[in-house]
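Some notes on the structure that comes next.
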Amino acid sequence: MSTMSPAPSQVSTTTSPGPIERRYWKKVRGNSGSGRVVVVVGMGSAMRVLSRRVLRIPCLSAKWSLTCCQDWFLLHREWILRPNIVSFPACCHGAGQQQLSNKGRHVVDPDLTNQSEKPSLLRVLGLGMAIAIVVGNVIGSGIFAKPGEIAAAGRTFPLIITAWIVGGVLSFLGALCFAELSAMLPQAGGMYVYLQKAYGRCVGFLQGWSWFLFTKPASLGALSMIFVEHLEAVVGIEISTPGAIGLAVVLISGLALINVIGVLWGGWVQNITTVVKVGFVLFVACLPYLVSFFGEGGFSAELFAQSLPVTEELSSLTGRFAIVLLAVMWAYNGWHGVTPVAEEIRDPGRNIPRALLFGTVILTVLYVSANVAYHSVVPMSEMAEPDNQERVAVLMFDRLLGPRGAMLIALGVMISTFGAINSNMLLGPRVPFAMGRDDPLLKWLGAVNPRFRTPARAIILQGVMGVLMLIGSACLVRWVPSLQGKSMFSILTGYIIFASSLFYMLTVAAVLVLRRKMPSAERPFRCPTLVPFLYLAFYSWFLYNVYRNKPVEANIGILLNLSGLPVFLAGLWWARRRGGES
Numbered sequence: 042m043s044t045m046s047p048a049p050s051q052v053s054t055t056t057s058p059g060p061i062e063r064r065y066w067k068k069v070r071g072n073s074g075s076g077r078v079v080v081v082v083g084m085g086s087a088m089r090v091l092s093r094r095v096l097r098i099p100c101l102s103a104k105w106s107l108t109c110c111q112d113w114f115l116l117h118r119e120w121i122l123r124p125n126i127v128s129f130p131a132c133c134h135g136a137g138q139q140q141l142s143n144k145g146r147h148v149v150d151p152d153l154t155n156q157s158e159k160p161s162l163l164r165v166l167g168l169g170m171a172i173a174i175v176v177g178n179v180i181g182s183g184i185f186a187k188p189g190e191i192a193a194a195g196r197t198f199p200l201i202i203t204a205w206i207v208g209g210v211l212s213f214l215g216a217l218c219f220a221e222l223s224a225m226l227p228q229a230g231g232m233y234v235y236l237q238k239a240y241g242r243c244v245g246f247l248q249g250w251s252w253f254l255f256t257k258p259a260s261l262g263a264l265s266m267i268f269v270e271h272l273e274a275v276v277g278i279e280i281s282t283p284g285a286i287g288l289a290v291v292l293i294s295g296l297a298l299i300n301v302i303g304v305l306w307g308g309w310v311q312n313i314t315t316v317v318k319v320g321f322v323l324f325v326a327c328l329p330y331l332v333s334f335f336g337e338g339g340f341s342a343e344l345f346a347q348s349l350p351v352t353e354e355l356s357s358l359t360g361r362f363a364i365v366l367l368a369v370m371w372a373y374n375g376w377h378g379v380t381p382v383a384e385e386i387r388d389p390g391r392n393i394p395r396a397l398l399f400g401t402v403i404l405t406v407l408y409v410s411a412n413v414a415y416h417s418v419v420p421m422s423e424m425a426e427p428d429n430q431e432r433v434a435v436l437m438f439d440r441l442l443g444p445r446g447a448m449l450i451a452l453g454v455m456i457s458t459f460g461a462i463n464s465n466m467l468l469g470p471r472v473p474f475a476m477g478r479d480d481p482l483l484k485w486l487g488a489v490n491p492r493f494r495t496p497a498r499a500i501i502l503q504g505v506m507g508v509l510m511l512i513g514s515a516c517l518v519r520w521v522p523s524l525q526g527k528s529m530f531s532i533l534t535g536y537i538i539f540a541s542s543l544f545y546m547l548t549v550a551a552v553l554v555l556r557r558k559m560p561s562a563e564r565p566f567r568c569p570t571l572v573p574f575l576y577l578a579f580y581s582w583f584l585y586n587v588y589r590n591k592p593v594e595a596n597i598g599i600l601l602n603l604s605g606l607p608v609f610l611a612g613l614w615w616a617r618r619r620g621g622e623s
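Structure, rendered in structure tokens:
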């Protein structure tokens, strides 16, 4: 075949191809017949440019769309680059036809070169989106709805602010450990994959089971209820419990649909909401100082000296600190959230560790600053009142800016929880997707939708589980006497942290286990050996004190984690039976 070689200067790395490139695209499509060749790239310096940048080219039809964004392909350097001879149309080069040299290359989408292969996930998320996922997955309801509960348990400002700092340090230490694991094993599934490699299929399955059926659905339910509660303040209409549940169901369903359509749709929603959330938390942290500078009132350091009487139930300082830290860790929960989508991140060995570390530092600074702002405006006694525990941010804005300020903070909380729900919907289904590829009983969950290239079945099932958890919690609040008077948010978050903390510890310990089991594995990032030991020592103390002071939540968390064991055993039996029949 005779070919033509484009001059390196003519190879475009811009995002808006001109008419020559459009004609070239039509020509390539016509010559290739089946459309296996996606784009042809030139020689020499042009290849070096492509190896460093993302090339955007308009797609030819909906059938060719790799990301279902309707208008764009995303081509990047993780795709296969191999020598080949490709026909260039005359419009790309006016010097006649010639053979490409050995430096000539074309870029092929490896997922489209073999139709017999199953469609796979696309690596389309960069460092910016990865950081947005970490920060956006964490900033949700916790920073706005937990400070009152923390004030009621902590009783003194020094203990409370210490807990927020310790929570950030723990998250950073955990991020160092997860960074090593995610860079070594950049696969969809996150903790499920790491635990399976370290301890075997059973432990990995139990983590994935708990994550998919309880942790993420409970988070979806809790966040959606906070969204609806603050919607009441924005629209000025009281919403009944059935109406609130109905709105929450619509919210969960809508975000599930967005993430089914394409990972980039969910990623861009995450980017936008994360920018808004970070800006809003910064505004919360700075508002008392701005009011003090431009007017009267605002920041008051005298409120830091206030404390509440210590009850007999909270007489133990260590027990009180553990209870406070339990609530704080809900606010930080999800700092590892980028790891389940490792299979969809470009250059994961470099970008995932950076996203984890940068993200946890950003979160710690934001959270500590926001809590200093809360306590500088709202007296602790007012925070700790049962009716105000989930409204501390509203109280602060009402004091500083009046009723309009209360409406503004309600809108900010809605945006924050909306982004957190989207993040949970984006990340959660990647774990059952990974489980479906390994477990025969869940094989149908491992399928990628051939049109949208997303784990659509897993996304839909997680949305359904979120709705069921929401309705189930409403029934518990109504029918169980001991839970009457408690909010669904408190119930849904109460048992999540203890259950997930057990797997956090096992995952951090997996760093040490895999260094012995897989010593020769490539580790683009390696955390200091002391870090896992520090994390495990502190978390052991933390969970012991939580179990002593909140045994009901702890036992529920343990039961939820073990509830997948019968299903795992059934899967083994099924696999052996199928093997025997074959």
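In this text, residue positions in the sequence shown follow the numbering used here: the first is 42, and each later residue adds one. Each residue gets a CB set at the ideal place from its N, CA and C atoms; glycine is no exception.
Residue i and residue j closer than 8 angstroms at C-beta
i	j	result
SER457	ILE172	no
GLU384	ALA229	yes
SER251	ASN590	no
TYR576	GLY215	yes
ALA274	LEU407	no
LYS238	ALA368	no
PHE539	ALA595	yes
ALA551	LEU236	yes
VAL409	ALA434	no
ALA208	MET424	Inspection of the sequence shows that residue 208 is occupied by Gly rather than by Ala. Against a cut-off of 8 angstroms, the Cβ pair of MET424 and GLY208 comes out as no contact.
ALA396	VAL379	yes
GLY262	GLY507	yes
THR352	TRP376	no
VAL365	LEU264	no
DSSP bridge partner residues for residue i (one or two, in chain order)
i	result
THR282	Bridge partners of THR282: none, in fact.
LEU166	ILE386
SER417	Per DSSP, none; premise fails for SER417.
SER348	THR197
For residue j and residue i, the rounded distance between their alpha carbons
i	j	result
PHE198	ALA204	10 angstroms
ARG242	LEU547	14 angstroms
GLY598	SER541	8 angstroms
GLY249	LEU517	25 angstroms
GLY609	ALA499	Inspection of the sequence shows that residue 609 is occupied by Phe rather than by Gly. Distance between the alpha carbons of PHE609 and ALA499: 18 angstroms.
GLY336	ILE280	36 angstroms
ILE184	ARG619	50 angstroms
ARG440	PHE474	47 angstroms
LEU511	GLY469	17 angstroms
GLU593	LEU600	Per the sequence presented here, residue 593 reads as Val, with Glu not at that position. Taking the straight line joining both Cα atoms gives about 11 angstroms.
PHE583	PHE493	43 angstroms
ALA578	LEU571	11 angstroms
GLY513	GLY443	37 angstroms
ASN178	LEU247	22 angstroms
GLN503	ILE299	14 angstroms
ASP428	GLY277	18 angstroms
LEU211	VAL176	16 angstroms
ILE450	PHE438	7 angstroms
SER182	ALA372	7 angstroms
ILE403	TRP520	42 angstroms
ALA411	SER333	16 angstroms
PRO628	MET559	Outside the displayed range of the chain (42 to 623) lies residue 628, so it cannot be described from this structure.
LEU509	GLY605	18 angstroms
Where the alpha helix (DSSP H) containing residue i begins and where it ends
i	result
SER542	537–558
SER581	571–590
ALA451	444–468
ALA239	232–240
TRP371	358–373
LYS257	257–276
VAL472	471–479
PHE185	183–186
Heavy atom of the ligand SAM within 7 angstroms of residue i beta-carbon
i	result
ARG619	With respect to the ligand SAM, the structure offers nothing, as it holds no ligand at all.
Would you call the region 553–570 and the region 224–234 touching, i.e. three or more CB-CB distances under 8 angstroms?
yes
Answer yes if the region 192–208 comes into contact with the region 409–423, meaning at least three C-beta pairs across the two stretches below 8 angstroms, and no otherwise. yes
**Study point:** Three-pair Cβ contact test at 8 angstroms for the region 458–471 versus the region 308–320
**Key:** yes
Fill in: Three CB pairs or more closer than 8 angstroms across the region 263–271 and the region 288–303
yes
Determine contact between the region 496–513 and the region 477–487, defined as no fewer than three beta-carbon pairs at a distance below 8 angstroms.
yes
Three or more beta-carbon pairs under 8 angstroms between the region 420–428 and the region 383–400, yes or no?
no
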